[in-house]
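If you count by the numbering used here, then the sequence shown holds residues 42 to 510, one letter each, in order.
A short worksheet on the structure shown next.
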Amino acid sequence: MTTDVIIVFIILFAAMIMFSVEKIRNDVASIIIMLSLAWSGIVSPDQAFSGFSSNAVMAIIGVMIIGYGIEKTGIMNSLAQLISDKAGEKENVVTATVMGVTGIISSFLQNIGAVALFLPAVRKIGHKPGISQKRLLMALAFSGILGGTLTMVASGPLIILNDLLANGGYDGFGMFSVTPIGISLLMAGILYFFFFSKAVLPEEAKETGFRKDELLDIYDLPRKICEVDLASTSRLVGNTIEDLALWKDFGIHVLALWEAGSKTYIPWRRTAFREGQTLAILGEEDQLRAFFEAFNLEPKAKLIIFSELEDDREAAFAEIILPPDSNLKGKTIKEIALRKNYKIEPILYINNDGKRLNYMDWEMEPGLKAVVFGKWEDLASIRDSKEFAVISQIRPPAEISRADKKIPAMLILAASIALILAGVPLPLSFLSAAVLMLFTKVIYKEELYKAIDWNTVPSCRPYTFGHSF
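Okay, structure coming up:
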């Protein structure tokens with residue numbers, strides 16, 4: 042039995058296990074099998090991807106998944122903060138810096154993906170005084186296009202060109218064959234926007250954005266978060282949030298609970314208070330004072346265990362509304378159980394008449410609004426559901442990141458580029474990197490198809506008409 046036969050049987054056995062156990066999605070398992078056959082040398086990369094008609098399309102899909110993973114880590118937000126700090130307040134300097142950075146990034150990623158990556162960060166920079174967000178976004182778009190000409194892997198047309206050359210029996214271009222032309226184009230674009238963008242693009246009315254203080258002031262929301270330890274002498278011990286009607290009688294909210302080294306954010310209303318727990322409590326100064334006196338509690342001078350709750354990058358308020366097509370209409374506020382089901386703390390409810398609701402048996406109807414508090418990942422979950430619409434929040438949901446995945450994401454991207462430089466075909470390098478991002482949980486399996494711009498992929502195929510002609 043030859044080595045190749047043994048390898049094929051090993052891959053076949055692994056495939057049977059993956060399809061039987063169903064821990065890995067069937068489509069992902071199929072891609073893993075295909076990549077394994079290519080990497081082991083049993084089939085050539087061209088043969089591995091022959092069922093997809095075009096290597097170029099598979100390479101572009103791989104790049105899109107990698108770009109999505111980079112976006113989810115929040116690397117671009119850190120880069121935006123660095124640009125914001127170093128580039129100063131002059132619009133032309135900020136514009137040139139953004140274009141240069143975006144151009145470099147888009148030289149290794151699809152230009153659509155690079156622009157999408159940098160978009161939330163640039164919108165954030167565009168809120169600085171004296172900077173036109175419209176002009177900055179236009180510069181971002183062009184730098185993505187021009188940066189795609191720096192290498193052969195970042196632009197769909199260049200990837201397709203190399204694929205066509207290979208199919209025609211010609212030698213393809215090297216990764217950096219177009220770099221001199223690309224650098225000239227990118228520099229020309231940067232200089233044009235540096236000197237002429239204000240003359241070409243008029244100033245727009247400055248967007249105001251929705252700031253934290255505005256939301257706090259509009260609804261007169263509680264602002265202070267305190268941390269308290271529960272001693273055996275506290276009247277809270279042995280009771281629940283519901284038993285004591287803390288919201289109704291004291292106007293305070295239990296945001297988090299720590300016990301035996303474990304944190305629980307937005308505990309359910311039936312969670313029992315026990316000695317040794319530490320609570321994070323939200324309320325107004327006078328409400329908190331009355332609450333502490335009533336239950337024999339001594340607040341800490343500052344947040345220690347729950348310091349992240351004061352950081353807008355971790356948790357904040359959001360305003361949500363019940364849309365007409367929500368499945369929750371007709372249910373009572375108590376039945377919906379926002380704390381238990383969505384891990385967000387309801388601060389107040391407002392009906393269609395603009396009146397605040399102080400009881401839980403009100404029947405939900407389209408248009409009912411609520412102001413809630415929660416961790417950003419939980420606010421993102423409710424935003425992605427169809428049951429509520431988020432109409433205002435303190436910072437864009439796109440800034441929610443998987444910061445602990447930054448290093449794996451960058452290492453995977455660097456490895457894919459190194460493989461290309463070593464002569465490994467684009468689709469094999471990029472799809473392998475995409476699978477690695479899946480296994481390292483830089484992206485989740487549910488996000489795999491969401492990561493791909495399906496409107497762009499079909500646009501890679503019109504060259505089929507060339508064969509017709």
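Ideal Cβ positions, reconstructed from N, Cα and C, are used throughout, including at glycine.
Keep in mind the model is a prediction, meaning the values are calculated, not measured.
Burial state of residue i (16 or more Cβ within 10 Å)
i, result
"ALA246", "For ALA246, the pLDDT reaches just 49, beneath the cut-off of 50, and the residue's location in the model is therefore unreliable, although a value from the coordinates is still provided. When all chains shown are included, ALA246 counts as exposed."
"SER303", "exposed"
"ASN203", "buried"
"PHE347", "buried"
"PRO221", "exposed"
"ARG311", "exposed"
"TRP288", "buried"
"GLU268", "buried"
"MET57", "exposed"
"ALA100", "buried"
"ILE448", "exposed"
"SER457", "buried"
"PRO86", "buried"
"TYR485", "exposed"
"PRO376", "Correcting the residue type first, residue 376 is Glu in the shown sequence and not Pro. Exposed is the call here."
"PHE54", "exposed"
"LEU206", "exposed"
"SER273", "exposed"
"ILE441", "Caution is warranted here: a pLDDT of 49 is assigned to ILE441, below 50, making its placement in the model unreliable, and the coordinate value is therefore given only provisionally. Counting Cβ neighbours within 10 Å, ILE441 comes out buried, since at least 16 surround it."
"GLY185", "buried"
"LYS64", "exposed"
"ILE282", "buried"
"ALA301", "exposed"
Contacts around residue i, its chain only, beta-carbon distance under 6 Å, and the 5 residues preceding and following it disregarded
i, result
"LEU226", "LEU187 and THR190"
"VAL84", "LEU78"
"PHE332", "PHE291 and ILE293"
"ARG66", "LYS486"
"LYS416", "TYR306 and ALA356"
"ARG40", "Outside the modelled stretch of the chain, which goes from 42 to 510, sits residue 40, for which no answer is possible."
"SER148", "GLY188, LEU191, THR192 and ALA195"
Residue from the options with nearest C-alpha to residue i
i, options, result
"PRO308", "VAL412, ALA459 and ASN382", "ASN382"
"LYS410", "VAL163, PRO364, GLU487 and GLN174", "PRO364"
"ALA229", "ILE124, PHE291, ALA137 and LYS446", "ALA137"
"ILE543", "TYR490, LEU467 and LYS482", "Examination of residue 543 is not possible in this model, given that the chain is present from 42 through 510 alone."
"VAL139", "GLU268, ILE101 and LEU181", "LEU181"
"PHE419", "ALA121, GLU386 and TRP403", "Reading the sequence as shown, one finds Asp at residue 419 and not Phe. Of ALA121, GLU386 and TRP403, the residue nearest in Cα terms is GLU386."
"LEU296", "ARG380, ASN368, ILE259 and VAL49", "ARG380"
"ALA450", "GLY317, ILE107 and SER273", "ILE107"
"ILE102", "GLU487, VAL483 and SER473", "SER473"
"LEU232", "ILE58, ALA286, VAL194 and ASN133", "ASN133"
"MET105", "PHE480, LEU479 and ALA475", "ALA475"
"ILE6", "LEU344, ARG276, THR192 and GLN174", "The question about residue 6 has no answer here: the residues shown for the chain are numbered 42 through 510."
"TYR490", "ASP68, GLY371 and ALA207", "ASP68"
"TRP299", "ASP425, GLU334 and LEU344", "LEU344"
"GLY92", "TYR109, ILE72 and GLY82", "ILE72"
"MET523", "ALA207, ALA463 and GLU404", "Within the shown structure, residues of the chain are numbered from 42 to 510, placing residue 523 beyond reach of any answer."
"LYS341", "GLY324, THR319 and LEU120", "THR319"
"ARG361", "LEU477, TYR109 and VAL431", "It should be noted that the sequence gives Ile, not Arg, for residue 361. Among LEU477, TYR109 and VAL431, the Cα nearest to that of ILE361 is on VAL431."
"LEU454", "LEU477, ALA444, VAL465 and ASP445", "LEU477"
"GLY129", "ALA378, PHE336, TYR109 and ILE172", "ILE172"
"ILE266", "TYR211, ARG330, VAL241 and VAL98", "ARG330"
"GLY324", "ASP261, ALA301 and ASP353", "ASP261"
"LYS175", "LYS239, GLY213, ASP212 and PHE480", "LYS239"
Check: residue i C-beta below 7 Å from any heavy atom of the ligand GDP
i, result
"ILE322", "By its list of ligands, the structure shown contains no ligand whatsoever, and the ligand GDP lies outside what it can speak to."
7 Å CB neighbourhood of residue i in its chain, flanking five on each side removed
i, result
"LEU460", "SER470"
"VAL278", "LEU271, PHE314, ARG315 and GLU316"
"ALA492", "MET105, ILE106, TYR109 and ILE484"
"ASP45", "ILE83"
Cutoff 8 Å; reference residue i; Cβ partners in own chain excluding five residues on either side
i, result
"PHE183", "MET140, GLY230 and PHE234"
"GLU339", "VAL269, ASP270 and PHE333"
"VAL219", "THR190, LEU191, THR192, MET193 and LEU199"
"GLN328", "PRO263, PHE291, GLY292 and ILE293"
"ALA70", "ALA56, MET59 and PHE60"
"ASP366", "LYS427"
"LYS127", "THR138"
"ARG397", "LEU389, TYR390 and ILE391"
Beta-carbon separation (whole angstroms), residue i vs residue j, contact threshold 8 Å
i, j, result
"LEU350", "ALA321", "6 Å"
"LEU26", "MET405", "A query on residue 26 cannot be resolved here, the shown segment of the chain reaching from 42 to 510 and no further."
"VAL98", "ILE124", "Not confirmed; about 33 Å, so no contact."
"SER422", "PHE336", "About 32 Å separates the two Cβ atoms, so there is no contact after all."
| At least 3 beta-carbon pairs within less than 8 Å: the region 407–421 vs the region 390–398 | yes
| said: Between the region 108–115 and the region 69–84, can you find at least three pairs of beta-carbon atoms closer than 8 Å? | reply: The region 69–84 vs the region 108–115: no contact.
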